[in-house]
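Trainee:
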Amino acid sequence: MTDYIIGADIGTSSSKAMAFSLEGKVLAQQQNTYPTQHPKPSCSEQNPDDVLQAICNAIQKVVEQMQSQPPLCVSFSSAMHSLMAVSSKGEPLSPLILWSDGRSGKEAEWLKEQAIATDIYTHTGTPIHAMSPLCKLLWWKNENKKSFNKAARFIGIKEYIFSKLFGEYLIDYSLASATGLFDHDVLKWYEPALDLLGIKSEHLPDAVSSLYILKGLKNDFASSLGLNVNTPFVAGAGDGCLANLGTGVTKKGEMAITIGTSGAVRLFTDSPINDEQGRVFNYLLLPKEFISGGAINNGGVLLDWFRHQFMKENDKEESYADFLKEAFQTGAGSNGLLFLPYLMGERSPMWDSRARGAFIGIHIEHERKHFMRAVLEGICYSLYDTARLLEKPDLPVKTIYASGGFTRTPEWVQLLTDLFDKKVHVCSEGDASSIGAVLLGMRAMGILKSWDEAGKYISANETYTPVKKQTKTYRRNFELFSKMYEILKPAMHEITGWQERAE
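Everything in the sequence shown is counted per our numbering, starting at 4 for the first residue and increasing by one.
1) Does the Cβ of K19 have 16 or more other Cβ atoms within 10 Å, making it buried, or fewer, making it exposed?
2) Evaluate K315 with the Cβ neighbour count: other Cβ atoms within 10 Å of its Cβ, from every protein chain shown; 16 or more gives buried, anything less gives exposed.
3) Distance check for Y193 and G183, CA to CA, integer angstroms please.
4) In this structure, does DSSP put P493 in helix, strand or coil?
5) Do N285 and Y345 have their C-beta atoms closer together than 8 Å?
6) For G444, which of helix, strand or coil comes out of DSSP?
7) At which residues does the beta strand (DSSP E) containing Q33 begin and terminate?
8) Quick check on DSSP: helix, strand or coil for K19?
9) Taking the continuous alpha helix (DSSP H) assigned at H126, which residues delimit it?
10) Name the DSSP beta bridge partners of H428, please?
11) Which same chain residues, not among the five before or five after A494, have their C-beta less than 8 Å away from its C-beta?
12) So the alpha helix (DSSP H) I58 belongs to, where does it begin and stop?
13) Is any non-hydrogen atom of the ligand HEM found closer than 7 Å to the C-beta of F224, if you look at the structure I gave you?
14) If you draw a straight line from the C-alpha of Y172 to the C-alpha of A179, how long is it?
15) Identify, in the order they occur along the chain, each residue of the same chain with its Cβ nearer than 6 Å to the Cβ of A57, setting aside the five sequence neighbours on each side.
16) Could you tell me if I119 is buried or exposed, where buried requires 16 or more neighbouring beta carbons within 10 angstroms of its beta carbon?
17) Where L343 and G364 are concerned, what is the direct C-alpha to C-alpha distance, given to the nearest angstrom?
18) Between the C-alpha atoms of H366 and W308, what's the straight-line distance to the nearest angstrom?
19) Which residues mark the beginning and the end of the alpha helix (DSSP H) in which S166 is found?
20) What whole-angstrom Cβ distance do L386 and V237 have, given they're in contact under 8 Å?
21) In whole angstroms, what is the alpha-carbon distance linking A31 and Q70?
22) With a CB to CB cut of under 8 Å and the five nearest residues on each side skipped, what residues in its chain are close to D188?
23) Tell me whether P136 sits in a helix, a strand or coil according to DSSP, three-state version.
24) Run through DSSP, which three-state label would N231 get?
25) Between S436 and D175, which are expected to be in contact by the criterion C-beta below 8 Å, what is the C-beta distance as a whole number of angstroms?
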């Protein structure tokens, strides 16, 4: 019999469960998808019971693949910034509102202008933006006060799942620190933010350590999952924090970059990086262990958008590998074509849900391949724009670890390497957030004593070295890219107003 831990990852578009041996080998896995509804352009919602069913089925299938041998524990990763309301009986009173929902954009802009804004950012570590549950709750209260007042609790998706499995409302420090409502210094809900909303801490889940162990699985779920009622479930953390662990970024001087549906740049720090303009997030993994960085809305999702809107029906059937080959048939810089990738508004570094995308420099000789490459370059420029906020003279970045779906395209990784002008290590195949959840489970169970021991479970498949000639081209283009948002911001906001009125 092989001892193993299940890493359970509740994602934005799918949930995954992976069984890992204590040697770091993937033994079994299952992934289930679920739909997202967009009834309005700025609206992103899901049925929370779809997500519950997906993650439970994934765990059940992994246990079956392990021939019903029980795991040492089940450790959780979860997408951040989700929000829903439940009744006093624990039943949903609303859909699950996702991080990408932008309906609270106006509330975010209003809050940024208030005197309390700086204190909220400094205490909670969450930039003021439409992704934040704080801003979502402000919008909810303004938009539908009757519905707002009916809620017994406001929770996220992992808290909903735990309430069904264990009958408890618990949120880990990591997810709590991503709400804009949690004081990461004293590990309590931040009263001034609650007062702003007119709610009490009783309206929110109880905050616990990411290493907290739950037991007492409800009998019906224990039976359907194939687990003992006393199987340890580790509270876990947000997927962003755990992606850092899963890529091996646990020391100063190391940076993690992820491009999946969205994208992120993160550092592991022992204290918050408090940006004067509130542009850097600081999420608490464990006391005095922060994941600081920035996330972008517009990552690989833009490839789906481009493919659906600009490819012929026959071309839509080709693999992503073939699809991306066309982009790299032209050279660095896309023949002078720039792309601002803010199709879904943007988080870091401007935190502007009313930003919009643009192609700049279109010439009659530009072909589809130039537009495709410009999209890939624009995503990387956006990440580099964020990374510049994190690297300081006293916090130099020496090494970058890359993960996410983009690592399956070597040319795209090389593009990123050339732009950043640093060596980039691509992590071994596997979901970084799930691996991070397993490492957190090992720490909770006492198998790991510190993160220094985590490196032996993670390996890099390949290392990329920058090509200086390409770096020069990308940096030249980036200088113009970095100016265009401020130049176009008034027009973006006016156009966004047109779009909102047309809904």
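Ideal Cβ positions, reconstructed from N, Cα and C, are used throughout, including at glycine.
Mentor: According to the structure data:
1) Label assigned to K19: buried.
2) Looking at its Cβ environment, which holds fewer than 16 other Cβ atoms inside 10 Å, K315 is exposed.
3) Here the alpha carbons of Y193 and G183 stand approximately 9 Å from one another.
4) Helix.
5) Between N285 and Y345, the C-beta gap is not smaller than 8 Å, which leaves the two residues out of contact.
6) In this structure, G444 counts as helix in the three-state DSSP scheme.
7) Q33 -> beta strand (DSSP E) spans 29-36.
8) Here K19 sits in strand by DSSP.
9) Residues 120-127.
10) Beta-bridge pairing links H428 to Y404, T466.
11) Result list for A494: empty, nothing under 8 Å.
12) DSSP places I58 in the uninterrupted alpha helix (DSSP H) bounded by 51-68.
13) With respect to small molecules bound, the structure shown includes none, and the ligand HEM cannot be examined in it.
14) Taking the Cα positions, Y172 is about 12 Å away from A179.
15) Annotation for A57: S18, N35, Y37 place their beta carbon closer than 6 Å to its own, counting only its chain and skipping 5 residues before and after.
16) I119 is exposed by the Cβ-count criterion.
17) L343 and G364: Cα-Cα distance of roughly 11 Å.
18) When rounded, the separation of the alpha-carbon atoms in H366 and W308 is 22 Å.
19) Taken as a continuous stretch (DSSP letters only), the alpha helix (DSSP H) holding S166 covers 160-169.
20) About 30 Å separates the CB atoms of L386 and V237; that is not less than 8 Å, and the two are not in contact.
21) Their Cα atoms are separated by approximately 11 Å.
22) Closer than 8 Å at the Cβ level, and outside the excluded window around D188, lie H126.
23) Secondary structure of P136 (DSSP, three-state): helix.
24) Coil at N231, not helix or strand.
25) No, S436 and D175 are not in contact; Cβ-Cβ is about 14 Å, not under 8 Å.
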